[in-house]
Each structure stands twice: as structure tokens, then as C-alpha cells.
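Protein chains: 2
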Amino acid sequence: MQQERTEIQELGEFGLIKHLTKNFEIQQASTVLGIGDDAAVIDHFGKQTVVTTDLLVEGVHFDLMYTPLKHLGYKSVIANLSDVFAMNATPTQITVSVAFSNRFSVEALTEFYDGVYAACEKYGVDLIGGDTSTSQKGFLISVTALGEVAPNQFVKRSTAKEGDLVCVSGYLGAAFLGLTLLEREKKIYLENPAIQPDLEQQDYIVGKLLKPEARQDIIQYLEAQKIVPTAMQDVSDGLSSELLHICQQSEVGCVIHEDKIPVHDDARKAAFKFGLDPTVCALNGGEDYELLFTISQSDYEKIVLNEEISVIGYITNQPEKLQLVTRGGNTHAITAQGWNSFAK
Amino acid sequence: MQQERTEIQELGEFGLIKHLTKNFEIQQASTVLGIGDDAAVIDHFGKQTVVTTDLLVEGVHFDLMYTPLKHLGYKSVIANLSDVFAMNATPTQITVSVAFSNRFSVEALTEFYDGVYAACEKYGVDLIGGDTSTSQKGFLISVTALGEVAPNQFVKRSTAKEGDLVCVSGYLGAAFLGLTLLEREKKIYLENPAIQPDLEQQDYIVGKLLKPEARQDIIQYLEAQKIVPTAMQDVSDGLSSELLHICQQSEVGCVIHEDKIPVHDDARKAAFKFGLDPTVCALNGGEDYELLFTISQSDYEKIVLNEEISVIGYITNQPEKLQLVTRGGNTHAITAQGWNSFAK
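If you want it as C-alpha cells, here you go:
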């Protein structure tokens with residue numbers, strides 16, 4: 002009898018996780034929230050602990066041809082801190098594990114850890130452990146972040162309500178445009194190493210890709226304004242993918258206005274130069290590390306004062322119906338085409 | 002000017018970690034213990050949280066030719082729980098991240114997670130997160146475990162005192178002999194696939210390699226007997242390597258008696274069959290996942306009743322002087338030749 006064989010790409014990343022974890026049951030009374038959100042929550046009396054982890058693989062998540070190792074170390078930490086902030090929590094500790102082939106020297110790894118250290122210093126978190134190993138091929142990074150939150154003040158993805166306003170921090174799509182630029186320059190370079198890369202006036206989009214920040218300032222602003230978002234997550238796989246998570250898990254729909262989606266002028270110019278639609282870059286481009294959250298309408302007056310926060314639409318009672326109202330006034334369905342490491 | 006280049010193997014794993022982390026300073030008041038022990042400790046009021054992490058790489062830490070994926074999943078968890086127990090703590094939650102090339106199917110990953118699940122169930126821990134990704138080559142696993150311990154009841158490596166008794170749980174060296182056996186059978190098979198592997202009466206050593214357990218029972222026994230070890234760590238890289246850690250970090254020495262080192266009869270027989278010295282297997286073989294700990298002499302009467310615990314020697318006031326008294330009465334220096342993934 003032949004053994005059944007299902008290809009991983011048939012399920013996709015989230016389907017696979019769901020499949021693999023479907024039999025796990027919570028056993029510890031201290032586990033307040035397990036798999037299925039940006040991070041897990043553990044109750045330790047005075048505070049609750051938030052835990053999140055990420056695995057980054059060379060050739061899948063990053064290309065060392067144009068990613069300085071220091072930036073890679075910084076970004077590896079930021080990606081996890083962003084998940085902690087997306088729980089409305091404060092990151093406190095991280096562990097960092099790396100595996101690398103023998104093409105890496107101590108100096109190269111030091112560069113990487115310098116970046117890790119810089120992120121730790123900036124965000125006030127402690128590196129408290131990790132592991133190092135050789136790899137058969139390439140560079141691999143696993144980061145776990147812990148954070149703290151006052152009891153039951155963490156914010157999940159599954160609690161957005163009809164009528165809530167959909168908000169996003171900063172600007173979207175720039176990291177994807179930075180990636181597009183660097184991939185283009187890499188191709189040109191490989192075809193003709195004599196040609197110098199043309200990165201003139203592209204600091205913004207390249208910076209958003211190579212040295213992103215996590216939105217601690219937004220969490221602090223929300224706290225100062227006494228706003229607890231009704232749902233929240235970070236934008237790492239593209240706005241459309243993250244909107245779908247919130248709507249699916251909250252069993253709601255949303256209406257998003259294209260003209261409200263924040264795209265930086267430099268990103269818009271770059272998009273036009275590459276013949277790309279800036280809105281599509283914002284919807285489907287990954288690695289923005291901005292925060293996507295929903296708030297009660299009663300909090301609108303407080304949020305509108307912050308120029309770093311855009312209200313882009315509202316939540317409806319139509320489960321999983323995601324709609325985009327274009328500049329021209331037409332309405333389209335939003336389908337998630339976020340970044341997927343299992344895609345061919 | 003030429004850039005300096007130091008090869009990683011020049012430093013070794015611990016030297017590298019030391020090098021990479023030397024500039025990190027603790028910033029959070031809640032970080033009670035950071036890098037440098039089996040796990041880190043975080044103070045969350047009622048209890049302290051213990052965190053540990055491991056990275057396992059195919060071709061470096063395991064060979065899928067003779068390691069069933071379910072066993073691999075189980076063992077990946079056990080390796081981390083063992084570190085939590087080695088802190089005198091109780092494991093509560095884990096995260097598991099995996100990266101894999103496209104030669105792995107959903108069924109294969111399910112097998113792996115079945116093993117993860119079995120370990121979680123047996124030890125009462127919750128899987129609370131993780132990440133999945135493709136890899137360029139091979140299978141990679143990153144596990145992080147959290148545990149709880151009553152305030153300041155955790156046990157470090159650095160607190161062994163002169164006169165303390167050196168104890169070890171279970172038997173040592175069997176996992177290394179299991180590995181030796183399977184490597185030998187693999188070689189025979191590759192040379193002639195028609196020959197069936199000869200694993201007769203080798204259940205014990207193969208079992209110790211492929212399905213190890215973490216010594217929860219020892220921690221529970223110590224608690225019941227109101228014994229707090231003066232120092233403790235798990236035996237994952239071989240007894241000599243672990244003794245060296247305790248002696249270096251505690252600034253003490255030790256005298257170990259060869260005839261007291263516990264080696265199982267089946268392991269002893271296998272060693273003789275392979276022409277190996279059982280004591281050398283115990284000293285330098287890895288992956289036993291037993292507990293090595295030191296206790297005050299006043300606790301001797303309590304410990305001697307437990308057949309799963311062997312007293313193998315004592316701590317001296319001679320820093321880093323590790324001595325082995327052989328069966329013949331000679332005294333040799335113990336040098337750590339534990340397993341090192343960076344060795345050529």
C-alpha cells in the first residue's frame with residue numbers, strides 16, 4: 002500500500018501550523034493564551050509574560066549579498082519585538098540562536114551580534130540565552146522574545162467588533178519596494194559587475210527594508226491616551242494578509258479606503274519608477290513591521306491627533322468579507338497574497 | 002588593508018558565546034539570571050520563570066537515516082526540558098520552530114510533531130508557539146522551553162563548594178554507544194544494502210540515543226527529600242565536559258572515582274564489543290540527559306536511598322583540577338573532550 006503524501010504548499014504556512022497543532026491541549030493553568038496569535042501569554046501573578054519566536058533562513062528570508070550582517074542581527078530582533086508590541090506588551094528578554102556554515106568567521110558573527118545588541122539597547126531588552134551550531138548550508142537565526150503586560154491587558158487578533166475603526170501606524174509598502182530595488186540592482190550587478198548600484202535617493206525604502214523599527218512609540222501613545230485596541234497585530238506579511246487574520250479570527254469583515262492607506266512619498270515615487278501600483282505594494286508587500294489595530298469609534302478623537310496613525314476603514318458584521326473602496330469609488334474584494342515562504 | 006579573520010573553531014562553542022555576548026548588560030530588573038547557565042531566570046513575582054533554547058541541525062545533531070522523525074520530535078523537547086530540570090525548575094511551556102527542505106511532506110512533519118506532542122503530554126508542558134519555514138537544505142529545529150521555580154530556589158552551575166558530594170542520575174555513556182552502533186550499521190548498509198542491520202539485544206543503548214527521557218523524577222525526589230543541590234546541570238555533552246563547567250564556574254576542583262561512575266550492563270557489554278572503554282564513553286559521550294549535581298555532605302543519608310542516584314566523587318578547593326581515580330588506584334587528570342559541533 003502506498004503511503005499518503007501531501008505537499009506542504011497544498012496547506013500553506015497557516016494551514017500547516019493548524020494541522021500540526023490541532024491535537025495540542027493546554028495543560029498548564031498558567032498558559033493564558035497559546036498558539037494562534039502574535040505571541041503567547043503566561044500568567045505569573047503580578048504580570049503576564051508574552052512569548053514569541055521567529056526562524057529566519059538565508060536564501061528564504063534574507064539575502065546576504067545586500068544585507069549587512071549587523072542589519073540582519075538588528076532586524077531579527079525587531080521582527081520579534083514587533084510581535085510583542087502587537088500584543089500590547091513590553092518586550093523584556095530575548096534568546097537568539099544561530100546556525101552557520103564554515104564560510105562565516107568570528108568577525109562576521111560579531112557583526113551580526115552587534116546588530117542584536119544595538120536592538121537590545123535601543124528597546125531595553127536583555128539577551129538571556131541562545132544556542133550556536135554549524136549548519137550544512139547557509140545562515141539560520143532563531144529568536145524568541147518575552148514581554149510583560151498587566152494582567153489581561155494583552156490584545157488579541159480575534160476581538161475586533163462591528164463598527165470598530167481600522168488603524169495602521171506609519172507607512173506601508175516601502176520595505177517591499179526596497180527589496181524590489183535591491184533585487185534589481187543585484188541582477189544588474191550579477192550580469193555586469195562593473196556597473197555600480199544606483200541607490201540614489203532611495204534611502205527611505207532601503208532603510209525600511211534593512212533597518213526597520215518596532216512601533217514601541219505607538220504602544221506608549223495608546224497607553225498614555227488610555228486606548229486599549231479591540232484587536233491588534235503587526236504587519237509583517239502585507240496589509241491584506243493581516244486584515245484577513247483579524248477578520249477571520251474575529252469573524253467580521255471590513256471596508257478599507259484606498260486613499261487612506263498610508264504610503265510614503267518616497268515609496269510612491271519608487272513604485273512609479275518600477276511600474277508598480279503603490280496600493281498593491283502596501284497590500285501585499287511584507288516586512289513593514291507597522292501595527293494594524295482596531296479601536297472603538299469612541300476613541301476616534303484621541304487617535305486622530307497622532308500623525309503616525311492612519312484610520313483606513315472600519316469593521317463590518319459580514320464575516321471574512323474584506324472590501325477595498327478604490328480612489329475611483331469602485332469596490333473590490335481584498336484577497337490575501339501576503340508573503341509565504343512555502344510558495345514556489 | 003586586510004580584514005582580520007578568526008576561524009570559529011579557534012574559539013570553540015563556549016569561547017564563541019563568551020565572545021559574542023561579552024558586551025551585553027542586563028537591563029531588566031526582572032532578569033535574575035542571564036546567559037551562562039542551563040537556562041535563564043526571570044522574576045515574575047509569585048514564581049520565577051526559567052527559559053532555555055536549543056537549535057538542532059540535520060547532519061550536525063542528528064541523522065535521519067536512523068532517526069525516526071517522531072523520536073526526533075520527542076528528543077528535541079526532552080533536550081530542553083532536561084535544561085529546565087537542571088535549574089531545579091518545572092517546565093511549563095515550549096515553543097518549537099522548524100525549517101525543512103522540500104523533501105519533507107506534511108506526513109513527515111506530522112510524525113515529528115507527534116513526537117513533540119508525546120513529550121509535551123508526558124511532562125505536562127504546553128506548546129505555546131513557534132515558526133515554520135523552508136530551508137535551503139536539511140531539517141532544522143529550534144526549541145525554547147519555559148519553566149517555573151519558587152523564588153530563588155533555582156540551582157546554578159557556579160555554586161559548588163569544597164567538600165560537596167558529586168552525584169549523577171541514571172547511567173552514562175549509553176547514548177554514545179547507541180550512536181556508535183547505528184553509525185556502524187549505517188556504514189555496513191551503505192556498503193551493502195542487502196545486509197540487514199544487526200540490532201539484536203541492543204534495545205537499551207539504541208533507546209537511550211533515540212528516545213531519551215528528562216529526569217523529572219530526580220527533581221521530584223530532591224524536593225520530597227528537601228534537598229537543594231549546591232550546583233546542578235544536565236549531562237548533554239559528556240560527564241567530563243559538564244564536570245569542567247561546574248568546576249570552572251564554581252572555582253573548585255573535584256575527585257571522581259572510576260568505579261562509581263554508573264554504566265549500565267548493556268552499555269558495558271556493547272562497549273567491549275566495539276573495543277571501547279566504558280569509562281571513556283561515560284566521560285566523553287554526549288546526549289545522556291542525566292543530571293549532574295553536587296550536594297552537602299549532610300544530605301548524604303537522604304541521597305543514598307535512591308538507586309537512581311550515584312555518588313561519584315567530591316569537590317575540592319583546587320580550582321579547575323579535575324581528577325579521576327581509576328579502578329587500579331591511579332590518578333589521572335580529566336580533560337573535557339565533550340561533543341562540539343564546531344570540531345572538524
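Taken in sequence, the protein lines are chains G and Y.
Numbered per my numbering, the first sequence spans residues 2 to 345.
Numbered per my numbering, the second sequence spans residues 2 to 345.
The C-beta atom is built at its ideal place from N, Cα and C for all residues, glycine as well.
- The beta carbon of glycine 60(G) sits closer than 8 Å to some beta carbon of chain Y.
- Nearest Cα to glutamate 291(G) within the set Ala334(G), Ala215(G), Ala232(G) and Phe273(G): Ala215(G).
- Taking 8 Å as the cut-off, the beta carbon of glycine 130(G) is found closer than this to the beta carbon of valine 52(Y).
- Only buried fits aspartate 289(Y), as 16 or more other CB atoms lie within 10 angstroms of its CB.
- Relative to the Cα of proline 263(G), the nearest Cα in the group Leu173(G), Lys303(G), Ile257(G) and Ser134(G) belongs to Leu173(G).
- Listed as beta-bridge partners of histidine 246(G) by DSSP are no residues whatsoever.
- Fewer than three beta-carbon pairs drawn from the stretch 164–180 of chain Y and the stretch 93–105 of chain Y are found closer than 8 Å, and the two stretches are therefore not classed as touching.
- Note that the C-beta distance between lysine 138(Y) and lysine 138(G) is below 8 Å.
- DSSP places tyrosine 114(Y) in the helix class (H, G or I) of the three-state scheme.
- Between valine 167(G) and tyrosine 67(G), the C-beta gap is not smaller than 8 Å, which leaves the two residues out of contact.
- Isoleucine 335(Y) and glycine 287(Y) have their C-alpha atoms some 16 Å from each other.
- A straight line joining the alpha-carbon of leucine 191(Y) with that of serine 102(Y) spans about 23 Å.
- Annotation: glutamate 308(Y) to serine 159(G) spans about 52 Å, alpha carbon to alpha carbon.
- Fewer than three pairs of CB atoms, one per stretch, sit closer than 8 Å, so the stretch 107–126 of chain Y makes no contact with the stretch 105–118 of chain G.
- When rounded, the separation of the alpha-carbon atoms in leucine 277(Y) and alanine 90(G) is 54 Å.
- For the C-beta of threonine 54(G), the chain Y residues within less than 7 Å are, from N- to C-terminus, Thr96, Ser98, Gly130, Gly131, Asp132 and Thr145.
- A straight-line Cα-Cα distance of about 13 Å links alanine 151(G) and proline 92(G).
- Using a 10 angstroms sphere on the CB of leucine 306(G), the tally of other CB atoms stays under 16, which defines it as exposed.
- Proximity of threonine 135(G) to chain Y, defined by a Cβ-Cβ separation below 8 Å, is satisfied.
- Counting the other CB atoms within 10 Å of its CB gives glutamate 122(Y) a total below 16, which places it among the exposed residues.
- The shortest C-alpha to C-alpha distance from glycine 60(G) to any of Leu73(G), Thr332(G) and Lys274(G) is the one to Leu73(G).
- Listed in chain order, the beta strand (DSSP E) elements of length 3 or more contained wholly in the stretch 286–318 of chain Y are 291–296 and 310–317.
- DSSP lists Phe294(G) as the beta-bridge partner residues of methionine 233(G).
- With fewer than 16 neighbouring CB atoms inside 10 Å of its own CB, threonine 332(Y) falls in the exposed class.
- Cβ-Cβ distances below 6 Å link serine 134(Y) to Ala100 in the same chain, with the five nearest sequence neighbours on each side left out; the list follows chain order.
- Between glycine 254(Y) and threonine 295(Y) a beta carbon distance of about 12 Å is seen, past the 8 Å cut, so the two are scored as non-contacting.
- Going by DSSP, valine 207(Y) is part of the alpha helix (DSSP H) stretching over 204–211.
- The Cβ neighbour count for glycine 329(G), taken over all protein chains shown within 10 Å, is under 16; the residue is labelled exposed.
- Taking all protein chains in view, the Cβ of glycine 171(G) is crowded by 16 or more other Cβ atoms within 10 Å, so the residue is classified as buried.
- Bridge partners of glutamate 149(Y) according to DSSP: Thr50(Y) and Thr91(Y).
- Sequence-distant Cβ neighbours of alanine 271(Y) in its own chain, meaning closer than 7 Å and more than five residues away, are Leu178, Leu182, Gln203 and Ile206.
- Residue-level contact by beta carbon holds for threonine 50(Y) and chain G, with a gap shorter than 8 Å.
- With contacts defined as CB atoms closer than 8 Å, glycine 239(G) and leucine 284(G) qualify as a contacting pair.
- Taking a C-beta distance under 8 Å as the contact criterion, glutamine 234(Y) and alanine 80(Y) do not qualify as a contact pair.
- For the pair leucine 82(Y) and valine 126(Y), the CB atoms are nearer than the 8 Å cut-off.
- Glutamate 149(Y) and lysine 48(Y) do touch by the CB rule: their CB atoms are close to 4 Å apart, below 8 Å.
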